[in-house]
Amino acid sequence: MSRPNRVVSEGTVDHVYTGNVRRLGTPPTLSVASYLARGANVLGIAMEDLRGRLRRGEVVRAREALAVVGVERYGLKVKELAREMEKSPDSITKAIVRTTQRRATLPALRAWLDRLDQGIASARPVHEID
């Protein structure tokens, strides 16, 4: 059994990966840049927007989702994701904590993150995933 990934926030450890993620195989091995490029394509968001200062809801949700899926399912490091998205590691950590807390109570968010993962693995846009 794999050890859960952990996110450290304000001196506490929040378990991000709960082990109940359903996968049909192992995710492809991707560099952080390739992962984010695929993710941006799947979500229909420009890489410039992910890296930019935009705070529109869809861009913020995309950053948060890509951070959670990247850390939990692709084993990417927060620091590397932050560097590639041109954000601080602290802001990415907070995004992961926020999203995992919401995911616990919102089944639709959990399903959307699963579709995002499938889209990245298959390089297909989320709206094409059943």
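Residues in the sequence shown are numbered from 1403 upward in steps of one, following this note's numbering. Just so you know, even glycine gets a beta-carbon here, dropped at the ideal spot from N, CA and C. It should be emphasised that the depicted structure is a prediction, and the values quoted were computed from it without experimental measurement.
Can residue 1480 and residue 1501 be called in contact, C-beta distance under 7 Å?
The Cβ atoms of residue 1480 and residue 1501 lie no closer than 7 Å to each other.
Is it buried or exposed, residue 1508, if we count other Cβ atoms within 10 angstroms and call 16 or more buried?
exposed
Less than 7 Å between the C-beta atoms of residue 1444 and residue 1498, yes or no?
For residue 1444 and residue 1498, no; Cβs fall outside 7 Å.
When you compare each of 1451, 1469 and 1437 to residue 1461 by their alpha carbons, which one comes out closest?
Ranked by Cα distance from residue 1461, the first of 1451, 1469 and 1437 is 1451.
Can you give me the start and stop residues for the alpha helix (DSSP H) that residue 1475 sits inside?
Residues 1459–1476.
Is it true that the CB of residue 1471 sits closer than 7 Å to the CB of residue 1438?
no
Quick check on the burial criterion: 16 or more other C-beta atoms within 10 angstroms. Buried or exposed for residue 1467?
buried
Run the CB neighbour count on residue 1440, radius 10 Å, all protein chains shown included, and call it buried at 16 or more, exposed below.
buried
Exposed or buried, what is residue 1488 when buried is set at 16 or more other beta-carbons lying within 10 Å of its beta-carbon?
exposed
Let me confirm a value: residue 1504 is counted as buried when at least 16 other C-beta atoms fall within 10 Å, else exposed. Which label applies?
exposed
Around the Cβ of residue 1469, are there at least 16 other Cβ atoms within 10 angstroms (buried) or fewer (exposed)?
buried
Would you mind sorting residue 1515 into buried or exposed? The rule is 16 or more other CB atoms within 10 Å of its CB.
buried
Range covered by the alpha helix (DSSP H) that runs through residue 1447
Counting along the chain, residue 1447 falls outside any alpha helix (DSSP H), and DSSP gives it neither H nor E.
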